[in-house]
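Colleague:
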Amino acid sequence: MYPGYLEESIHLLEDTRVRRLLETMPRLAEEEKLALLKLYHPDYIESSMRRLQSGVNKGDSTPVELADLLEGNSRIDPDKIDPSRPDHNVDVLVIGCGGAGASSALIAQEEGARVLITTKLRLGDANTVGAQAGTQAADRPNDSPTIHYLDTLGGGRFDNVPELVEVLVKDAPSVIKWLEQLGVNWDKDADASMHELSGGGTSRRRLHSARDYTGLEEMRVLRDELRNKNIDYLEFAPAIELILDDRGQIAGAILMNLETEELVIVRARAVIMTTGGIGRLHIQGFPTTNHYGATADGLVLAYRAGAEMVFIDTMQYHPTGASYPLPILGQLVTEKVRTLGAQLANISGEQFVMPLEPRDVVASAIIRECRERQLGINTPTGESGVWLDSPMIDMIRGEGTIAKELPAMVRQFRRHNIDITREPILVYPTLHYQNGGIKINTSGATNVPGLFAAGECTGGVHGRNRLIGNSTLDLFVFGRRAGRAAAQYAREVKRGSPTLEHIRRWRRELQQAGLTRERPLSPRILPDYVRRTRGYTGQAI
Amino acid sequence: MAEQSRLIDIYIMGRHCQVPEGLTILTALEYSGYKMIRGCGCRAGFCGACATIYNFKNDPQLRYDLACQKTVEPDMYLVQVPFFPAVKALYDIEKTEATGEKVLALYPDLVKCFGCNTCTKTCPQELEVMWFMSDALRGDIREVADKSFDCLMCGLCAARCPQGLVPYNVAMLCRRLYGRYLAPVSKHLEDRIAEIEDGKFDAEIKKLKNSSEEKLRRMYAERDIEPALEQSWE
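Residue numbers (the numbering used here), protein chains in the order written: chain A, 1 to 541; chain B, 542 to 775.
1) I'd like the list of long-range same chain contacts for Asp-232 (chain A), defined as Cβ closer than 6 Å, with 5 residues on each side in sequence excluded.
2) Could you tell me the distance, in whole angstroms, from the CA atom of Arg-211 (chain A) to the CA atom of Glu-196 (chain A)?
3) Among B:Lys-611, B:Ala-630, B:Gly-582, B:Arg-679, which residue has its Cα nearest to the Cα of Tyr-595 (chain B)?
4) On the three-state DSSP scale, how would you describe Thr-288 (chain A)?
5) Taking C-beta to C-beta, are Thr-637 (chain B) and Leu-718 (chain B) nearer than 8 Å?
6) Can you list, in chain order, the residues of its chain whose CB lies under 8 Å from that of Ala-59 (chain A), leaving out five sequence neighbours each side?
7) Compute the distance between the beta-carbons of Ala-677 (chain B) and Phe-625 (chain B), then report whether it is under 8 Å.
8) His-462 (chain A): which of A:Leu-168, A:Val-129, A:Tyr-213 sits nearest, CA to CA?
9) How do the segment 262-269 of chain A and the segment 73-92 of chain A stand: do at least 3 beta-carbon pairs fall below 8 Å, yes or no?
10) How is the alpha helix (DSSP H) around Leu-150 (chain A) delimited, first residue to last?
11) Step through the CB atoms of chain A and report whether any lies within less than 8 Å of the CB of Asp-650 (chain B).
12) For Cys-695 (chain B), would you say it is in contact with chain A, using Cβ-to-Cβ distances shorter than 8 Å as the test?
13) At the level of alpha carbons, what is the spacing between Gln-602 (chain B) and Val-530 (chain A)?
14) Between Ala-137 (chain A) and Ser-174 (chain A), what straight-line distance do the alpha-carbon atoms span, to the nearest angstrom?
15) Can you tell me whether Pro-468 (chain A) is buried or exposed, with buried defined as 16 or more other CB within 10 angstroms of its CB?
16) Taking the continuous alpha helix (DSSP H) assigned at Ser-103 (chain A), which residues delimit it?
17) Excluding the 5 residues preceding and the 5 following Phe-476 (chain A) in the sequence, name in chain order all residues of the same chain whose CB lies nearer than 6 Å to its CB.
18) Do you know how far the Cα of Asn-73 (chain A) is from the Cα of Arg-280 (chain A)?
19) Helix or strand or just coil, what does DSSP make of Ser-364 (chain A)?
20) Let me know if Gln-512 (chain A) comes out buried or exposed under the rule of 16 or more other beta-carbons within 10 Å of its beta-carbon.
21) What residues in its chain sit with their C-beta under 7 Å from that of Glu-369 (chain A), if we drop five residues either side in the sequence?
22) Taking Cβ positions only, does Gly-99 (chain A) come closer than 8 Å to chain B?
23) Considering only the beta carbon of each residue, do Ala-445 (chain A) and Leu-388 (chain A) sit closer than 8 Å?
24) Going along the chain, which residues of the segment 734-750 of chain B sit with their C-beta nearer than 9 Å to a C-beta in chain A?
25) Would you mind telling me which residues of chain A sit closer than 9 Å to Asp-690 (chain B), beta carbon to beta carbon, in chain order?
26) Please check the pair Asp-245 (chain A) and Pro-498 (chain A), which I expect to be a contact at CB under 8 Å, by giving their CB distance rounded to whole angstroms.
27) I'd like the ranges of any beta strand (DSSP E) spanning at least 3 consecutive residues and lying wholly in the segment 332-408 of chain A.
28) Would you list the one or two residues that DSSP bridges to Leu-255 (chain A)?
29) Does the beta carbon of Gly-321 (chain A) come closer than 8 Å to any beta carbon on chain B?
30) Which word fits Thr-640 (chain B), buried or exposed, when buried means at least 16 other C-beta atoms lie within 10 angstroms of its C-beta?
31) Do you know how far the Cα of Gly-349 (chain A) is from the Cα of Ala-487 (chain A)?
32) Return the residue from the list A:Gly-112, A:Gly-248, A:Lys-120 that minimises the CA-CA distance to Glu-555 (chain A).
33) At the level of alpha carbons, what is the spacing between Leu-647 (chain B) and Asp-224 (chain A)?
34) Can you tell me where the beta strand (DSSP E) with Val-94 (chain A) in it begins and where it stops?
35) What are the residues of the segment 103-127 of chain A that lie near chain B, defined by any Cβ-Cβ distance shorter than 9 Å?
36) Any beta-carbon of chain B closer than 8 Å to the one on Ala-192 (chain A)?
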């Protein structure tokens with residue numbers, strides 16, 4: 001139920017609905033999109049960025065929140081830790097366990113490697129479970145990997161790494177099949193074909209879904225399979241530093257048990273970094289759709305070990321985060337709502353952007369509508385937003401469609417007495433995804449020998465803006481590739497003796513740049529949401 | 542913002558705290574000084590990490606919910622259940638038949654269900670847990686998959702079952718068997734995989750890879766776009 005003063009705007013929205021059902025907003029031309037982005041997209045606010053002063057990407061620009069952590073101080077004292085006395089000794093260590101981590105672990109084990117997974121929260125507590133809309137794969141007769149390739153490039157502003165996009169689109173159908181063979185329940189039509197929908201920036205219906213619990217379905221199947229395959233794992237044990245050897249190769253990692261605060265040393269021939277996103281750094285103060293542990297730890301560790309980053313100046317703001325009610329502020333309202341036909345409208349009930357433009361374009365248009373044109377809707381808590389006209393879906397596609405296709409959304413709003421089958425949703429952009437990250441090749445290998453990476457912590461495949469349904473796809477395509485490549489690397493590598501010399505070197509570099517005092521400890525591990533009273537004496541982890 | 546709201550009394554594991562109304566149980570815990578390690582995951586109602594049991598000062602009836610989704614109410618007594626030692630059967634999906642007998646062999650305790658319906662009353666997703674457990678007992682794997690689909694695997698059903706059953710793990714098994722063996726095969730997917738393996742699209746993609754950005758931009762702007770709707774709704 002919305003506060004009474006919004007009723008007038010809701011009535012306007014209802015009045016214009018019948019007309020809008022027949023109204024199609026034109027797609028923007030490329031130049032119009034670029035102009036809109038430059039004026040309103042948060043990535044273009046120069047004061048929110050700064051150039052890195054140390055490390056491989058010295059001189060590159062990135063949000064200040066990330067820059068501080070990339071240039072942060074190590075949590076360990078290399079003189080007090082002996083990396084040659086490990087608690088675990090394995091072939092492949094997987095750091096992080098969302099979709100990318102789980103798939104890389106399964107494949108690495110299949111290839112004969114002894115695998116250990118370590119993760120900050122529980123197995124599967126990751127952004128993957130929050131992915132609702134679907135996974136792209138060009139498998140319908142009127143579609144092709146080539147069209148998927150062009151869509152992905154256009155969404156990424158033509159900056160994507162072509163080789164990565166090629167394997168993304170070509171592996172996609174077999175990834176869908178792999179997941180089904182493991183037991184994922186895809187939505188299907190009566191004729192046994194996949195039930196597929198369009199998304200922002202896709203020119204074909206290509207999204208494979210599992211109601212609006214797609215990522216959850218994928219993740220719970222993979223997690224169940226990890227257990228069936230008896231793959232070893234440590235929970236609540238984030239990595240806080242990588243270990244190299246005297247040949248400059250990866251030799252393992254130092255973990256911290258969050259509950260006991262003990263350090264755990266893992267010797268590994270190869271490491272796969274699958275630590276996911278960055279949302280909990282709240283870039284520019286945005287709320288986020290991301291899970292509790294999304295603090296860019298993997299980027300920090302890899303950077304300190306000498307890995308190169310790409311596209312770290314671009315974040316994805318999902319156009320439709322909830323802006324009302326307050327308890328779910330910034331939480332994801334899946335793009336599937338627009339995919340199914342819901343339009344975006346301002347306070348007068350008028351459309352202002354074609355709802356299925358790529359995400360950066362739609363987000364910028366919403367920001368323009370609220371900030372410049374002052375046609376947004378203000379909430380009692382001072383947020384602003386625009387209407388996402390969900391009731392249209394049942395009018396277009398038939399009564400009951402919303403309940404069937406969007407059970408998670410219906411449930412989430414029903415808790416706050418909003419019936420999205422009858423009432424619209426109030427939305428505003430929310431921090432959703434890091435488009436860039438660790439640079440990889442098509443095998444998931446980084447420039448540090450033995451360090452592989454996959455999923456949201458990597459960059460390149462999505463260019464400057466990821467399309468809907470390409471993130472979950474990315475997880476499985478590159479997770480599997482990294483798993484295979486890491487297992488093979490682990491078989492062949494000649495090991496040196498482990499050392500933490502790179503941490504000492506890093507410390508000296510920070511000292512020389514005069515940054516030691518200014519910079520925080522990193523990785524961040526968890527965001528700090530605790531209200532501290534006067535009597536607080538403890539130290540935050 | 543929150544500071545201006547009315548304060549309400551809640552009891553966290555018995556400890557009296559005053560928190561602004563409108564907070565979720567999770568943010569109320571943080572407001573009261575608790576740094577979450579366990580009992581907090583996606584913070585958006587999808588991962589099931591924050592299962593919570595609560596009742597009220599003058600009402601002993603237990604209730605169940607997700608801390609990240611439920612807003613606090615006056616006089617709430619609450620505790621989280623971040624872990625429950627539930628049984629999970631191990632199996633090889635490739636060698637497991639999609640039959641009721643197999644489900645029963647992996648979870649023989651299914652027969653002990655006496656229909657008390659506690660599981661259904663416990664489920665924060667409001668699923669019909671007892672009904673899908675009886676479907677499982679009858680070997681109707683498809684029904685279990687459908688009814689249990691929105692399960693977050695928070696584990697509260699298992700924590701409360703007086704017979705020690707594990708509905709969420711039984712449902713997981715059934716959904717996987719359904720997806721692997723019973724869901725109809727999509728031929729267009731198989732065909733496309735074969736085409737890709739035959740290299741059918743390699744030349745096209747190579748051409749795109751070698752095209753100038755200007756040409757790619759033109760092709761992108763001119764590409765035909767399939768209507769989002771499967772058919773005209775008019």
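Don't be surprised by glycine CBs; every beta carbon is placed ideally from N, CA and C.
Modeller: So, from the listed chains and residues:
1) Leu-116
2) 11 Å
3) B:Lys-611
4) strand
5) yes
6) Note on residue identity: the sequence assigns Gly, not Ala, to residue 59 (chain A). Closer than 8 Å at the Cβ level, and outside the excluded window around Gly-59 (chain A), lie Arg-51, Leu-52.
7) no
8) A:Leu-168
9) yes
10) 145-155
11) no
12) no
13) 30 Å
14) 9 Å
15) The question names Pro, but residue 468 (chain A) in the sequence shown is Ile. Burial call: buried.
16) 99-110
17) Ser-103, Val-175
18) 19 Å
19) helix
20) exposed
21) Asn-346, Phe-352, Leu-375, Gly-376, Val-386
22) no
23) no
24) Ile-734, Glu-736, Ile-737, Glu-738, Lys-741, Phe-742, Asp-743, Glu-745, Ile-746, Lys-747, Lys-748, Leu-749, Lys-750
25) Before going further, note that residue 690 (chain B) is Phe rather than Asp in the sequence given. The answer, in chain order, is Asn-185, Ala-210, Arg-211, Tyr-213, Glu-217, Pro-407.
26) 5 Å
27) 384-388
28) A:Ala-239, A:Val-264
29) no
30) exposed
31) 56 Å
32) Residue 555 (chain A) is absent from the structure shown; chain A starts at 1 and stops at 541.
33) 14 Å
34) 88-95
35) Leu-121, Arg-122, Gly-124, Asp-125, Ala-126, Asn-127
36) yes
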